[in-house]
Amino acid sequence: MDASKLMLGDTEVPRIGLGTNRLTSTSEHVALVQEAVTAGLGLIDTAHTYAGGESEATIGAALSPAADGVAVATKGGWGAGNGCPDVLRAQIEESLRRLGTETIALYYLHRVDPETLLEDSLGTIREYHDRGNVRHVGLSEVGIDQIERARAVVPIAAVQNNYSLAERKHDDVVDYCAAEGIVFVPFFPLRGVASRQLSEIAVGHGASPTQIALAWLVRRSPTTLPIPGTLSLEHLKENLASLEIELSDAEFEALR
6 MDASKLMLGD
16 TEVPRIGLGT
26 NRLTSTSEHV
36 ALVQEAVTAG
46 LGLIDTAHTY
56 AGGESEATIG
66 AALSPAADGV
76 AVATKGGWGA
86 GNGCPDVLRA
96 QIEESLRRLG
106 TETIALYYLH
116 RVDPETLLED
126 SLGTIREYHD
136 RGNVRHVGLS
146 EVGIDQIERA
156 RAVVPIAAVQ
166 NNYSLAERKH
176 DDVVDYCAAE
186 GIVFVPFFPL
196 RGVASRQLSE
206 IAVGHGASPT
216 QIALAWLVRR
226 SPTTLPIPGT
236 LSLEHLKENL
246 ASLEIELSDA
256 EFEALR
């Protein structure tokens with residue numbers, strides 16, 4: 006398979022997605038989502054909480070019925086108490102309505118709820134998985150022990166953690182996911198990554214520093230799929246173009 010793509014469950018997608026925590030219910034943002042898909046985007050990441058629900062609604066307005074070859078991922082259970090089964094069920098139902106779909110391609114538990122057993126939260130998501138309303142299940146901001154507990158309840162297709170050149174606390178999770186064939190989705194992949202070294206390598210490739218930072222993440226592991234957020238189609242195309250950049254071993258290690 007093309008190294009610039011990977012399998013997210015049963016869908017082959019480019020290894021750069023789109024984060025949508027600022028997407029709002031405007032005609033401009035609906036058009037942006039549609040143009041992003043036309044440009045080749047394969048994964049759109051949202052959440053029940055993003056923009057007070059407008060992010061999901063905007064994606065639903067743009068893509069319902071679902072476009073072929075595009076996976077929309079959403080999340081529920083953000084904040085203490087929101088991972089309890091009744092709350093999570095209500096959030097999943099609302100996400101299905103906003104997205105205008107009968108099946109969510111990838112549904113993450115947004116955070117492990119300190120007030121609810123992880124197994125209970127995931128058992129709720131598994132109900133929707135078993136009914137066909139959730140195709141694949143993911144976790145966000147977790148460690149290896151939590152992933153292993155989760156996998157005893159339901160198959161885990163993706164893990165989304167804060168990870169970048171500047172934030173490396175989840176190196177062990179990146180390696181675990183690679184070994185287990187789980188897609189690892191770095192969020193905030195460009196936050197605080199600027200450095201002189203990054204800029205120098207970018208000049209050598211005729212690329213932007215952010216493109217080099219994304220190329221590094223893609224090379225870091227065969228299952229990484231960063232989701233930089235943007236409201237600019239130009240930036241989105243620039244992000245996707247980073248998949249064409251091949252860092253040398255020396256460049257990769259210098260940034261590592």
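Numbering-wise (my numbering), the sequence shown opens with residue 6 and increments by one. Every residue, glycine too, gets a C-beta built ideally from N, C-alpha and C.
Rounded straight-line distance, which links the Cα of residue j to that of residue i
{"i": "residue 241", "j": "residue 23", "result": "8 angstroms"}
{"i": "residue 135", "j": "residue 142", "result": "11 angstroms"}
{"i": "residue 16", "j": "residue 47", "result": "9 angstroms"}
{"i": "residue 236", "j": "residue 117", "result": "29 angstroms"}
{"i": "residue 81", "j": "residue 90", "result": "11 angstroms"}
{"i": "residue 256", "j": "residue 200", "result": "13 angstroms"}
{"i": "residue 49", "j": "residue 76", "result": "6 angstroms"}
{"i": "residue 103", "j": "residue 204", "result": "41 angstroms"}
{"i": "residue 43", "j": "residue 55", "result": "23 angstroms"}
{"i": "residue 33", "j": "residue 238", "result": "11 angstroms"}
{"i": "residue 69", "j": "residue 108", "result": "11 angstroms"}
Contact check, residue i vs residue j, beta carbons under 7 angstroms
{"i": "residue 100", "j": "residue 79", "result": "yes"}
{"i": "residue 126", "j": "residue 114", "result": "yes"}
{"i": "residue 190", "j": "residue 212", "result": "no"}
{"i": "residue 169", "j": "residue 198", "result": "yes"}
{"i": "residue 267", "j": "residue 105", "result": "Outside the shown range of the chain, which is 6 to 261, sits residue 267, and nothing can be said about it."}
{"i": "residue 233", "j": "residue 222", "result": "no"}
{"i": "residue 18", "j": "residue 63", "result": "no"}
{"i": "residue 178", "j": "residue 167", "result": "no"}
{"i": "residue 183", "j": "residue 228", "result": "yes"}
N- and C-terminal bounds of the alpha helix (DSSP H) containing residue i
{"i": "residue 209", "result": "201-210"}
{"i": "residue 242", "result": "238-246"}
{"i": "residue 267", "result": "A query on residue 267 cannot be resolved here, the shown segment of the chain reaching from 6 to 261 and no further."}
{"i": "residue 133", "result": "123-136"}
Cβ neighbours of residue i in the same chain (closer than 6 angstroms, five flanking residues each side left out)
{"i": "residue 133", "result": "97, 139"}
{"i": "residue 154", "result": "123"}
{"i": "residue 39", "result": "67"}
Span of the beta strand (DSSP E) around residue i
{"i": "residue 141", "result": "139-145"}
{"i": "residue 161", "result": "161-167"}
{"i": "residue 81", "result": "76-81"}
Below-7 angstroms beta-carbon distance, residue i vs any chain C residue
{"i": "residue 17", "result": "Protein chain content of the structure displayed is limited to a single chain, and chain C is not contained in it."}
Spatial neighbours of residue i in its chain, beta-carbon cut-off 8 angstroms, leaving aside the 5 residues before and after
{"i": "residue 172", "result": "193, 196, 197"}
{"i": "residue 264", "result": "Nothing about residue 264 can be read from this structure; the chain reaches only from 6 to 261."}
{"i": "residue 58", "result": "99, 103"}
Evaluate contact between the stretch 199-218 and the stretch 234-250, counting only Cβ atoms and requiring at least three cross-stretch pairs below 8 angstroms.
yes
contact_flag[the stretch 82-92, the stretch 21-35] where n(CB pairs < 8 angstroms) is 3 or more:
Contact between the stretch 82-92 and the stretch 21-35 is absent, with fewer than three C-beta pairs closer than 8 angstroms.
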